[in-house]
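Chains as they are written, first to last, in this note's numbering: chain A, 11 to 298; chain B, 11 to 298.
Glycine included, every Cβ here is placed at the ideal spot set by N, Cα and C.
Quick caveat, the model's predicted, so the values are computed rather than measured.
Step one of this worksheet: look at the structure below.
Number of protein chains: 2
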Amino acid sequence: MKHIRSFAQLIWVAYFAKQLLESNRTSSLRDLYYSSEAFGVRFNDQAESDRIITDLECLTGKPREVFGIFPEERSAIFGSVKMSYTVPGYEGREVDLTLSPDGFPIGRALMTAKPIETDAEMILAVESGGMFSRLIETMAWKRYRAILVQLGGQPPRSTRSLMRKLHEAFGLPVFLFTDGDPWGMHIAQVVKSGSANAAHIPGLTIPAAEWIGVTPADIQEYSLPSEPMTSADLKRLDELARDIRYAGSDWQKHITEFQGLRRKAEQQAFSRFGMDFVVDTYLADKLQ
Amino acid sequence: MKHIRSFAQLIWVAYFAKQLLESNRTSSLRDLYYSSEAFGVRFNDQAESDRIITDLECLTGKPREVFGIFPEERSAIFGSVKMSYTVPGYEGREVDLTLSPDGFPIGRALMTAKPIETDAEMILAVESGGMFSRLIETMAWKRYRAILVQLGGQPPRSTRSLMRKLHEAFGLPVFLFTDGDPWGMHIAQVVKSGSANAAHIPGLTIPAAEWIGVTPADIQEYSLPSEPMTSADLKRLDELARDIRYAGSDWQKHITEFQGLRRKAEQQAFSRFGMDFVVDTYLADKLQ
Chain A
11 MKHIRSFAQL IWVAYFAKQL LESNRTSSLR DLYYSSEAFG VRFNDQAESD RIITDLECLT
71 GKPREVFGIF PEERSAIFGS VKMSYTVPGY EGREVDLTLS PDGFPIGRAL MTAKPIETDA
131 EMILAVESGG MFSRLIETMA WKRYRAILVQ LGGQPPRSTR SLMRKLHEAF GLPVFLFTDG
191 DPWGMHIAQV VKSGSANAAH IPGLTIPAAE WIGVTPADIQ EYSLPSEPMT SADLKRLDEL
251 ARDIRYAGSD WQKHITEFQG LRRKAEQQAF SRFGMDFVVD TYLADKLQ
Chain B
11 MKHIRSFAQL IWVAYFAKQL LESNRTSSLR DLYYSSEAFG VRFNDQAESD RIITDLECLT
71 GKPREVFGIF PEERSAIFGS VKMSYTVPGY EGREVDLTLS PDGFPIGRAL MTAKPIETDA
131 EMILAVESGG MFSRLIETMA WKRYRAILVQ LGGQPPRSTR SLMRKLHEAF GLPVFLFTDG
191 DPWGMHIAQV VKSGSANAAH IPGLTIPAAE WIGVTPADIQ EYSLPSEPMT SADLKRLDEL
251 ARDIRYAGSD WQKHITEFQG LRRKAEQQAF SRFGMDFVVD TYLADKLQ
């Protein structure tokens, strides 16, 4: 009985995804959960419908976003790149991603847009919205010829998919700038090697992407204001030390150094040396 | 001594804000906290620097965003309205807010932009990103001639300030569509009457704004899928019942009905009746 139930759920999710595709529509994960009731399909909670969507991804090898199913979180992009929209009502319309000085949210329209041209030479993805804004308004994007991406924590797959698309279309290197703690390091790792949740989906990883910091060595070299790690931070480090994605010697070195330092620093911490330090000194050191 | 310390902090925050204004730059709250160290000004934690910023707002009667100080959260806007940017590098450049089908983030650039023209007839602000996307892609914004705003929970002041600017510049009514629970109701209330945290700042409230739901009456009339309220929900209702902003009879009625019902429903819950129900039926009932 249990198997029949989840099979019926899977069929319905596939049907719902087909409806979305045919009508060129999108749905949030939450919405899909509520929509099921209209069809007499029962999920105990959203966790259950999310799991069935993962099953669909496994079967098809495609991320849910391809079927028009999006999570709530959004991240943003800004830079000298022209994209051509494919969503209904905007087919073939071109947009220059420097046009909105607040950036562009990465939703379904940008995720499905075609890269046309760029004069950028790298993709620079940062963790916080504050850093993203700073790099726009200091014209750091011009100076480093960078397409800026705001990851906003663990980045949604639409963001990772768009980054990979730009990386491949234009052959641009990808640099990742996050907080200096196990969580920030893992955001970079997920962009590079994929998340445990999406391990079944090809086409989202960027193996050549590089974590530029904040590394434990940076915390010491730049004498950054730092905070002691919590027990949750230290536990997370232990987990990462055993994670296959961290098997490389560079990663192991970062982990060992964090474990020795037992301190962490946010990317915002460079402001301690003035508003321009991060652009003029830190990024210059790391990117050039 | 305690007063000298906080006075010194206030002077520094005012100095920092002046620097931001003169150099046409912005800072996040977090960034300002770290920046203080460059000047030998000590805050125990970010809560303390946030409080001093509030003091500056009290003294000047202006929201921190006017000084270029922004929180991390962002919300978004989409609709048939032309704005003219004033930020450096974009002065006088016009942007049509239907140009990005994923919406525009409301950051410093849009907050300081000038409204030029619109053919919209209302501002419709919604709580969730999922609802915002749905109203864009179903062309509900065209059908209801609405400028759409995604509040994203308790909306940042930049968002409230932009909504008020559009409300005043074009004389547009403002409708608020949130989850049907005390938290959603209070999001609407804050847009209407202001937050306790920003009670000292004029120019952010929209007294004529109207909460269209999800009301407790809606939960029953539309037979929405609902969940029992938690003790935190019920406690929050008790607090709101005593809050001066809820003194009006309509609000008291909503509170009493929620207390009787003891259930809540998200705005996504309308998906139970199919993807188009919320646009074709619910919004039609409420807005026409």
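Fill in: For Thr-215 (chain A) and Lys-202 (chain A), believed in contact at Cβ under 8 angstroms, the rounded distance
Locating residue 202 (chain A) in the first sequence gives position 192, counting from the first residue. Locating residue 215 (chain A) in the first sequence gives position 205, counting from the first residue. That pair is a contact at about 7 angstroms.
Worksheet item: When the Cβ atoms of the stretch 118-125 of chain B are set against those of the stretch 83-102 of chain B, are three or more pairs found closer than 8 angstroms?
Response: These segments touch.
Discussion item. Once DSSP output is grouped into helix, strand and coil, what is the label at Gly-204 (chain A)?
Written reply: Residue mapping note: residue 204 (chain A) aligns to position 194 of the first sequence, counting from 1. Gly-204 (chain A): coil per DSSP, three-state reduction.
Discussion item. Strictly under 9 angstroms for the Cβ-Cβ distance: is Glu-147 (chain B) near chain A by that measure?
Written reply: For this step, residue 147 (chain B) is matched to residue 137 along the second sequence. Contact of Glu-147 (chain B) with chain A is assigned, a C-beta pair being separated by under 9 angstroms.
Item to complete: Under 7 angstroms between beta-carbons, which chain A residues line up against Thr-36 (chain B)? List them in chain order, please.
Response: Here the question's residue 36 (chain B) lines up with position 26 in the second sequence. Within 7 angstroms of the CB of Thr-36 (chain B), the CB atoms of chain A belong to Ser-143 and Glu-147, in sequence order along the chain.
Worksheet item: Of all the alpha helix (DSSP H) runs that stay within the bounds of the stretch 204-273 of chain A, which reach a length of 4 or more residues?
Response: With a minimum length of 4 residues, the continuous alpha helix (DSSP H) runs that stay inside the stretch 204-273 of chain A are 226-231, 241-252 and 259-271.
Worksheet item: Taking all protein chains shown into account, do 16 or more other C-beta atoms lie within 10 angstroms of the C-beta of Glu-32 (chain A), making it buried, or fewer, making it exposed?
Response: Here residue 32 (chain A) refers to the residue found at position 22 when the first sequence is read from its first residue. Exposed is the call here.
Discussion item. What would DSSP say about Gly-102 (chain A), mapped onto helix, strand or coil?
Written reply: As a first step, residue 102 (chain A) must be located in the first sequence, where it is residue number 92. Here Gly-102 (chain A) sits in coil by DSSP.
Worksheet item: When you compare each of A:Gly-190, A:Gly-194 and A:Val-159 to His-177 (chain A) by their alpha carbons, which one comes out closest?
Response: Looking up residue 177 (chain A) in the first sequence gives position 167. Of A:Gly-190, A:Gly-194 and A:Val-159, the residue nearest in Cα terms is A:Val-159.
Item to complete: Under 6 angstroms Cβ to Cβ from Ala-135 (chain A), same chain only, skipping five residues before and after it: list those, please.
Response: Within the first sequence, the letter at position 125 stands for residue 135 (chain A). Once the five neighbours on either side are set aside, the close Cβ partners of Ala-135 (chain A) are Val-159, Leu-161 and Leu-186.
Item to complete: Locate the alpha helix (DSSP H) running through Ile-146 (chain B), then write down its first and last residues.
Response: On the second sequence, position 136 is the one that residue 146 (chain B) refers to. Boundaries of the alpha helix (DSSP H) around Ile-146 (chain B): 139-147.
Discussion item. If you follow the beta strand (DSSP E) that Ser-94 (chain B) is in, where does it begin and where does it stop?
Written reply: By one-based count along the second sequence, residue 94 (chain B) stands at place 84. Where Ser-94 (chain B) is concerned, the enclosing beta strand (DSSP E) stretches over 91-94.
Worksheet item: Between the C-alpha atoms of Pro-183 (chain A) and Phe-26 (chain B), what's the straight-line distance to the nearest angstrom?
Response: Residue mapping note: residue 183 (chain A) aligns to position 173 of the first sequence, counting from 1. Residue mapping note: residue 26 (chain B) aligns to position 16 of the second sequence, counting from 1. Straight-line spacing of the CA atoms in Pro-183 (chain A) and Phe-26 (chain B) works out to 36 angstroms.
Fill in: Rounded straight-line distance, which links the Cα of Trp-22 (chain B) to that of Arg-40 (chain A)
One-based indexing of the first sequence puts residue 40 (chain A) at position 30. One-based indexing of the second sequence puts residue 22 (chain B) at position 12. The C-alpha of Trp-22 (chain B) is placed about 45 angstroms away from the C-alpha of Arg-40 (chain A).
Worksheet item: What does Asp-41 (chain A) touch in chain B if you count any residue whose Cβ is under 7 angstroms from its own?
Response: Sequence index remark: in the first sequence, residue 41 (chain A) carries index 31 (1-based). Neighbours of Asp-41 (chain A) on chain B, chain order: Gly-140, Gln-278 and Ser-281.
Worksheet item: To the nearest angstrom, how far is it from the Cα of Glu-231 (chain B) to the Cα of Lys-28 (chain A)?
Response: By one-based count along the second sequence, residue 231 (chain B) stands at place 221. By one-based count along the first sequence, residue 28 (chain A) stands at place 18. The alpha-carbon atoms of Glu-231 (chain B) and Lys-28 (chain A) are separated by roughly 31 angstroms.
Worksheet item: Which of the three DSSP states, helix, strand or coil, is assigned to Met-285 (chain B)?
Response: Taking the second sequence and counting its residues from 1, one reaches residue 285 (chain B) at position 275. Note: Met-285 (chain B) maps to coil in three-state DSSP.
Practice prompt. Express the C-alpha separation of Arg-252 (chain A) and Gln-262 (chain A) in angstroms, rounding to a whole number.
Written response: Residue mapping note: residue 262 (chain A) aligns to position 252 of the first sequence, counting from 1. Residue mapping note: residue 252 (chain A) aligns to position 242 of the first sequence, counting from 1. The alpha-carbon atoms of Gln-262 (chain A) and Arg-252 (chain A) are separated by roughly 10 angstroms.
Worksheet item: With which residues is Phe-80 (chain B) paired in a DSSP beta bridge?
Response: By 1-based counting over the second sequence, the position of residue 80 (chain B) is 70. According to the DSSP secondary-structure assignment, Phe-80 (chain B) is paired through a beta bridge with B:Ser-38.
Discussion item. Which same chain residues end up closer than 8 angstroms to Ser-45 (chain B) when comparing Cβ atoms and leaving out the 5 residues on each side of it in sequence?
Written reply: As a position in the second sequence, residue 45 (chain B) is number 35, starting the count at 1. So the list reads Phe-26 and Ser-37, once near-sequence residues are dropped.
Discussion item. Do Ala-130 (chain B) and Ile-157 (chain B) have their beta-carbon atoms positioned less than 9 angstroms apart in this structure?
Written reply: By 1-based counting over the second sequence, the position of residue 157 (chain B) is 147. By 1-based counting over the second sequence, the position of residue 130 (chain B) is 120. Against a cut-off of 9 angstroms, the Cβ pair of Ala-130 (chain B) and Ile-157 (chain B) comes out as a contact.
Worksheet entry | CB contact flag (Arg-155 (chain B), Val-288 (chain B), <9 angstroms) | As a first step, residue 155 (chain B) must be located in the second sequence, where it is residue number 145. As a first step, residue 288 (chain B) must be located in the second sequence, where it is residue number 278. No, the pair does not count as a contact, with Cβ atoms beyond the cut-off.
Worksheet item: Leaving out five residues before and five after Leu-107 (chain B) in sequence, what residues of the same chain have Cβ atoms less than 7 angstroms from its Cβ?
Response: As a position in the second sequence, residue 107 (chain B) is number 97, starting the count at 1. Ile-87, Phe-88, Gly-89, Val-91, Met-93 and Phe-114, listed in sequence order.
Discussion item. Using CA atoms only, rank isn't needed, just tell me which of A:Glu-58, A:Asp-191 and A:Pro-235 is closest to Lys-245 (chain A).
Written reply: Within the first sequence, the letter at position 235 stands for residue 245 (chain A). Considering only alpha carbons, the answer is A:Asp-191.
Practice prompt. Could you have a look at Ala-179 (chain B) and say whether DSSP puts it in helix, strand or coil?
Written response: Here residue 179 (chain B) refers to the residue found at position 169 when the second sequence is read from its first residue. Reduced to three states, the DSSP call for Ala-179 (chain B) is helix.
Worksheet entry | Strand pairing of Gly-50 (chain A), partner residues [DSSP] | As a working note, residue 50 (chain A) is residue 40 in the first sequence. Answer is none; Gly-50 (chain A) lacks a bridge partner.
Item to complete: Give the DSSP bridge partners of Gly-190 (chain A), in chain order.
Response: The sequence position of residue 190 (chain A) within the first sequence is 180, counting from 1. DSSP output for Gly-190 (chain A) lists A:Ala-275 as bridge partner(s).
Discussion item. Suppose you measure from the CA of Ile-133 (chain B) to the CA of Pro-217 (chain B); what does that come to, to the nearest Å?
Written reply: Numbered from its first residue, the second sequence carries residue 133 (chain B) at position 123. Numbered from its first residue, the second sequence carries residue 217 (chain B) at position 207. Going by C-alpha positions, Ile-133 (chain B) is about 14 angstroms away from Pro-217 (chain B).
Discussion item. By the DSSP assignment, the alpha helix (DSSP H) with Ile-63 (chain B) in it spans what residues?
Written reply: Along the second sequence, one-based indexing puts residue 63 (chain B) at 53. In this chain, the alpha helix (DSSP H) harbouring Ile-63 (chain B) covers 56-70.
Fill in: Which listed residue (B:Met-141, B:Asp-295 and B:Ser-241) has its alpha carbon closest to that of Ser-281 (chain B)
Walking along the second sequence from the start, residue 281 (chain B) turns up at place 271. Checked all of B:Met-141, B:Asp-295 and B:Ser-241; the closest Cα to Ser-281 (chain B) is B:Met-141.
Worksheet item: How many Å lie between Arg-61 (chain B) and Glu-237 (chain A) at the Cα?
Response: As a position in the second sequence, residue 61 (chain B) is number 51, starting the count at 1. As a position in the first sequence, residue 237 (chain A) is number 227, starting the count at 1. Arg-61 (chain B) and Glu-237 (chain A): Cα-Cα distance of roughly 21 angstroms.
Worksheet item: What is the C-beta distance between Ala-257 (chain A) and Trp-221 (chain A), in whole angstroms, given that I count them as a contact (C-beta under 8 angstroms)?
Response: Position 247 of the first sequence, counted from the first residue, corresponds to residue 257 (chain A). Position 211 of the first sequence, counted from the first residue, corresponds to residue 221 (chain A). Actually they do not touch by this definition, with Cβ atoms about 15 angstroms apart.
Practice prompt. Along the alpha helix (DSSP H) that carries Leu-297 (chain B), what are the first and last residues, could you check?
Written response: Within the second sequence, residue 297 (chain B) is the residue found at index 287, counting from 1. That run of the alpha helix (DSSP H) goes 294-297.
Worksheet entry | Residue of A:Asp-112, A:Glu-101 and A:Gly-139 minimising C-alpha distance to Lys-124 (chain A) | Locating residue 124 (chain A) in the first sequence gives position 114, counting from the first residue. Looking at the Cα atoms, A:Glu-101 is the closest of the given residues.
Item to complete: Please say whether Gly-213 (chain A) and Ser-171 (chain A) have beta carbons closer to each other than 9 angstroms?
Response: Locating residue 171 (chain A) in the first sequence gives position 161, counting from the first residue. Locating residue 213 (chain A) in the first sequence gives position 203, counting from the first residue. Yes, they are a contact pair.
Worksheet item: Using a Cβ-Cβ distance under 9 angstroms, would Arg-52 (chain A) count as near chain B?
Response: Translated into positions along the first sequence, residue 52 (chain A) becomes position 42. No, its Cβ sits nowhere closer than 9 angstroms to a Cβ of chain B.
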